[in-house]
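Take a look at the structure below.
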Amino acid sequence: WRPPPQSGSSVRRHAPWVEKHRPRDIGEVAHQAAVTAALTSAVSGSAGAASMPHLLFYGPPGTGKTTCALALCRQLFGTAAWHSRVLELNASDERGIGVVRNQVKNFASQAVGTAETHAGAPPFKVIILDECDAMTEDAQHALRRTMELFSKSTRFVLCCNYISRVIDPLASRCAKFRFEPLPVEAMTRRLEDIARLEGVHTPIAPEALEALSIVAQGDMRRAITTMQSASMVCAAKQQGVDGARKRRREDGGGDDDAMEEDVVPPIILDREVIMEVAGRVEDTTVAQLIRLCAAGGEAAKDAPSSSLARFDAVQTFANMYVSSGQPMPQLVSQFVDALISSDTNAPSASNMSEIGDVLAAIDDPTKAKWLGHCSVADAGLVTGGDELLSLLSLVASCREDSPKGLRTLVADAAAAAPTAAAS
């Protein structure tokens, strides 16, 4: 990976970090060694780029699919000519059959003139269809026919998150490449490189890197965007502190060595800021949700004095959470992460040690039932369901499936908490 050129237009210099540091060459794409090796071979192999087939890139978001497609086009046509030889469309915005019949077909039907070809450039154009899994089925069938008719003058590069949503006749006409989520090591190396160029303190603190990896979940684009947002907040906080020090020094209040006049200190990323700008729910909130789910069922009969057993505790929790404006899908996602994770490296697990015994006591059948309730809640939210009712329904359903032993454990822990606090 090479840093972006320092010269050039101000648009490039002031672009978001995701665009500013986007790899410009196939070999610079992180962690996709098998894909980049195959594409490099296709471009520079003995058969030449003219034999390149249609391509289908699939995998999770933020793993380099669009970046690879754009880098491939730059290597095929050169920096100066690739804009005139490439049509890039986002199929999630323009996904109807009309787009295929008009924009795609018109561009694909145009022949490539010899004046447009530089030495070594292949005699075809490229159409990049990003998020093609969002296209309607009719549009995909129309695209299949267009690919057949104009394969001599045009190559298609299809990018999608879910290959199962691409019809088989379309997928079978392409060479398929799977993009993997980025592991923490590869993501850390790239983030450190970008941070060094953007004035962020390096090496990045381990807790900040852990927070970025938890937020990103293998999505490099999300990690870079979150780091940029967090750096802006952290920079504002540091400027406030440094400004106060400067005023004290000017007033003769000492602290002469706290800050040099002409030195801009590097931005220090903070874990809490990263979690905040990413919209993560606090671990204590997820822990309270787990306690409420575990304390239900027949708990009101078994331990009527337990505050967690009463459903008014659920109503209070749900009302406070929804009124805070935090996203309900994020709470469900972190709840699922906590359930399916059995080690301390799980999202939210590092700061949920106080309910570690509760998590360990949830057996697999109970987890399976709770995860089923989470899927129902998530489906309801996706289709526009009310967040308060979805949260109440989720907790009520989980409480019904909470085994007696788990309820007793939660009730005993709740009873012991005031005693421990008093001592």
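Residue numbers for the sequence shown follow the working numbering, so the first one is 1276 and each next one is one higher. By construction, the Cβ of each residue, glycine as well, lies at the ideal position given by its N, Cα and C atoms.
Problem - F1452 in three-state terms, based on DSSP - result: For the purposes of this step, residue 1452 is identified with residue 177 of the sequence shown, where counting begins at 1. DSSP, read as helix, strand or coil, puts F1452 in strand.
Handout entry: Short Cβ contact (8 angstroms threshold) for T1477 with A1486
Key = For the purposes of this step, residue 1477 is taken as residue 202 along the sequence shown, with counting starting at 1. For the purposes of this step, residue 1486 is taken as residue 211 along the sequence shown, with counting starting at 1. Contact flag unset, no.
Practice task
Assess, as a yes-or-no matter, whether the stretch 1479 to 1494 is touched by the stretch 1548 to 1567 under the definition of 3 or more beta carbon pairs within less than 8 angstroms.
Solution key: With a cut-off of 8 angstroms on Cβ pairs, the stretch 1548 to 1567 is in contact with the stretch 1479 to 1494, counting three or more such pairs.
Practice task
Could you have a look at I1365 and say whether DSSP puts it in helix, strand or coil?
Solution key: Within the sequence shown, numbered from 1, the residue matching residue 1365 stands at position 90. Just to set this straight, residue 1365 is Asn in the shown sequence, not Ile. The three-state secondary structure of N1365, taken from DSSP, is strand.
Exercise for the section: Can you check DSSP and say which residues form a bridge with T1429? Expected result: Here residue 1429 corresponds to residue number 154 of the sequence shown, with the count starting at 1. Looking at the DSSP assignment, T1429 forms a beta bridge with K1400.
Problem - Simplified DSSP state of L1667, which is helix, strand or coil - result: Counting from one through the sequence shown, the residue named residue 1667 turns up at place 392. In the structure shown, L1667 falls within a helical segment according to DSSP collapsed to helix, strand and coil.
Practice task
Taking only the alpha-carbon atoms, compute the straight-line gap between L1748 and A1498 and give it to the nearest angstrom.
Solution key: An answer regarding residue 1748 cannot be provided, because it is not within the stretch 1276 to 1698 covered by the chain.
Problem - Anticipated Cβ contact below 8 angstroms, V1589 with V1670, distance rounded - result: Looking up residue 1589 in the sequence shown gives position 314. Looking up residue 1670 in the sequence shown gives position 395. At roughly 5 angstroms, the Cβ-Cβ gap stays under 8 angstroms, so V1589 and V1670 are in contact.
Exercise for the section: Please name the residue or residues paired with V1475 in a DSSP beta bridge. Expected result: In the sequence shown, residue 1475 corresponds to position 200, counting from 1. Beta-bridge pairing links V1475 to I1542.
Practice task
Could you tell me whether the Cβ atoms of H1306 and A1461 are closer together than 8 angstroms?
Solution key: Position 31 of the sequence shown holds residue 1306. Position 186 of the sequence shown holds residue 1461. Closer than 8 angstroms, so yes.
Exercise for the section: Decide yes or no for the touch test of the stretch 1445 to 1452 against the stretch 1287 to 1304: beta carbon pairs closer than 8 angstroms, at least 3 of them. Expected result: Too few Cβ pairs lie closer than 8 angstroms, so no.
Exercise for the section: List the whole-angstrom C-beta distance separating E1473 from W1292, where the pair is believed to meet the contact cut-off of C-beta under 8 angstroms. Expected result: For the purposes of this step, residue 1473 is identified with residue 198 of the sequence shown, where counting begins at 1. For the purposes of this step, residue 1292 is identified with residue 17 of the sequence shown, where counting begins at 1. The beta-carbon separation of E1473 and W1292, rounded to 7 angstroms, stays under the 8 angstroms limit for a contact.
Practice task
Could you name the residues that DSSP lists as bridge partners for H1219?
Solution key: Because the chain in this structure spans residues 1276 to 1698, residue 1219 falls outside the shown range and cannot be described.
Exercise for the section: Flag this pair as yes or no: are the beta carbons of Q1711 and I1442 separated by less than 8 angstroms? Expected result: Here the chain covers residues 1276 to 1698 and nothing more, so residue 1711 does not appear.
Practice task
Quick one: grab the DSSP three-state call for D1413.
Solution key: As a working mapping, residue 1413 is identified with position 138 in the sequence shown. In the three-state reduction of the DSSP assignment, D1413 falls in the helix class, which pools H, G and I.
Exercise for the section: Would you mind reading off the limits of the alpha helix (DSSP H) that contains T1315? Expected result: Within the sequence shown, numbered from 1, the residue matching residue 1315 stands at position 40. It spans 1308 to 1319 - the alpha helix (DSSP H) in which T1315 sits, taken as one unbroken run.
Handout entry: Same chain only: Cβ atoms within 7 angstroms of P1335, ignoring 5 sequence neighbours per side
Key = As a first step, residue 1335 is located in the sequence shown; it is residue number 60 there, counting from the start. Once the five neighbours on either side are set aside, the close Cβ partners of P1335 are N1436, P1456, G1493, D1494.
Exercise for the section: Could you tell me if the beta carbon of G1600 falls within a distance shorter than 7 angstroms of some heavy atom in the ligand FMN? Expected result: No copy of the ligand FMN occurs in the structure displayed, which carries no ligand at all.
Problem - Within 8 angstroms, strictly: CB atoms of L1614 and L1646 - result: Numbered from its first residue, the sequence shown carries residue 1614 at position 339. Numbered from its first residue, the sequence shown carries residue 1646 at position 371. A Cβ-Cβ contact shorter than 8 angstroms links L1614 with L1646.
Exercise for the section: Classify D1405 as helix, strand or coil using the three-state DSSP reduction. Expected result: The residue labelled residue 1405 in the question sits at position 130 within the sequence shown. In the structure shown, D1405 sits in a strand (DSSP, three-state: E or B).
Handout entry: Integer Cβ distance of F1332 from F1431, believed to fall under 8 angstroms
Key = Along the sequence shown, read from residue 1 onward, the residue named residue 1332 stands at position 57. Along the sequence shown, read from residue 1 onward, the residue named residue 1431 stands at position 156. 11 angstroms between Cβ atoms; not a contact.
Practice task
Could you tell me if K1679 is buried or exposed, where buried requires 16 or more neighbouring beta carbons within 10 angstroms of its beta carbon?
Solution key: As a first step, residue 1679 must be located in the sequence shown, where it is residue number 404. Of the other Cβ atoms in all chains shown, fewer than 16 fall within 10 Å of the Cβ of K1679; this residue is therefore exposed.
Problem - Inter-residue Cα distance where the pair is A1312 and S1326 - result: The sequence position of residue 1312 within the sequence shown is 37, counting from 1. The sequence position of residue 1326 within the sequence shown is 51, counting from 1. Approximately 16 angstroms, taken between the alpha carbons.
Exercise for the section: Select from I1637, Q1385, M1410, E1412 the residue whose C-alpha is nearest the C-alpha of S1428. Expected result: The count along the sequence shown starts at 1 and reaches residue 1428 at position 153. Closest in alpha carbon position to S1428, among I1637, Q1385, M1410, E1412, is Q1385.
Exercise for the section: For the alpha helix (DSSP H) holding I1565, just list the boundary residues, first then last. Expected result: Position 290 of the sequence shown, counting from 1, holds the residue named residue 1565. The continuous alpha helix (DSSP H) containing I1565 extends over residues 1558 to 1569.
Exercise for the section: Would you mind stating whether G1371 and T1341 have Cβ atoms separated by less than 8 angstroms? Expected result: Stepping through the sequence shown from its first residue, residue 1371 is reached at position 96. Stepping through the sequence shown from its first residue, residue 1341 is reached at position 66. The Cβ atoms of G1371 and T1341 do not sit closer than 8 angstroms to each other.
Problem - Neighbourhood of K1380 by C-beta, 7 angstroms cutoff - its chain only, sequence neighbours within 5 removed - result: Taking the sequence shown and counting its residues from 1, the one referred to as residue 1380 is at position 105. Answer for K1380: T1421, listed in chain order.
Practice task
Could you check if E1406 is buried or exposed, using at least 16 other CB atoms within 10 Å of its CB as the buried criterion?
Solution key: Counting from 1 along the sequence shown, the entry for residue 1406 is found at position 131. Label assigned to E1406: buried.
Practice task
Measure from the alpha carbon of L1634 to the alpha carbon of each residue in D1653, D1612, L1544, then state which is nearest.
Solution key: For this step, residue 1634 is matched to residue 359 along the sequence shown. That would be D1612, whose Cα lies nearest to the Cα of L1634.
Practice task
Report yes if the CB atom of A1677 is closer than 8 angstroms to the CB atom of C1568, and no otherwise.
Solution key: Within the sequence shown, the letter at position 402 stands for residue 1677. Within the sequence shown, the letter at position 293 stands for residue 1568. Before going further, note that residue 1677 is Ser rather than Ala in the sequence given. Contact: yes.
Problem - Buried versus exposed call for D1558 [16 or more other C-beta atoms within 10 Å across all chains shown] - result: Position 283 of the sequence shown, counted from the start, is the residue given in the question as residue 1558. D1558 is buried by the Cβ-count criterion.
Exercise for the section: May I have the straight-line CA-CA distance separating N1594 from G1660, to the nearest angstrom? Expected result: Start at 1 with the first residue of the sequence shown, and residue 1594 comes out as number 319. Start at 1 with the first residue of the sequence shown, and residue 1660 comes out as number 385. As the crow flies, the alpha-carbon of N1594 is around 16 angstroms from that of G1660.
Practice task
For V1607, collect the residues of the same chain with a Cβ closer than 6 angstroms to its Cβ; drop the 5 residues on either side in sequence, then sort them by chain order.
Solution key: Here residue 1607 corresponds to residue number 332 of the sequence shown, with the count starting at 1. Non-local C-beta neighbours of V1607 in its own chain, meaning closer than 6 angstroms and more than five positions away in sequence, comprise C1649, A1652, D1653, ordered along the chain.
Exercise for the section: Please work out which residues of its chain come closer than 8 angstroms, Cβ to Cβ, to K1220, disregarding the five sequence neighbours upstream and downstream, and give them in chain order. Expected result: No statement about residue 1220 is possible, as the shown extent of the chain runs from 1276 to 1698 and does not include it.
Exercise for the section: Output yes or no for whether 8 angstroms exceeds the beta carbon distance between N1409 and P1328. Expected result: One-based indexing of the sequence shown puts residue 1409 at position 134. One-based indexing of the sequence shown puts residue 1328 at position 53. Going by the sequence as given, residue 1409 is Ala instead of Asn. 8 angstroms or more divides the Cβ of A1409 from the Cβ of P1328.
Exercise for the section: Could you tell me the boundaries of the alpha helix (DSSP H) in which H1358 lies? Expected result: Indexing the sequence shown from 1 puts residue 1358 at position 83. 1357 to 1360 is the extent of the alpha helix (DSSP H) around H1358.
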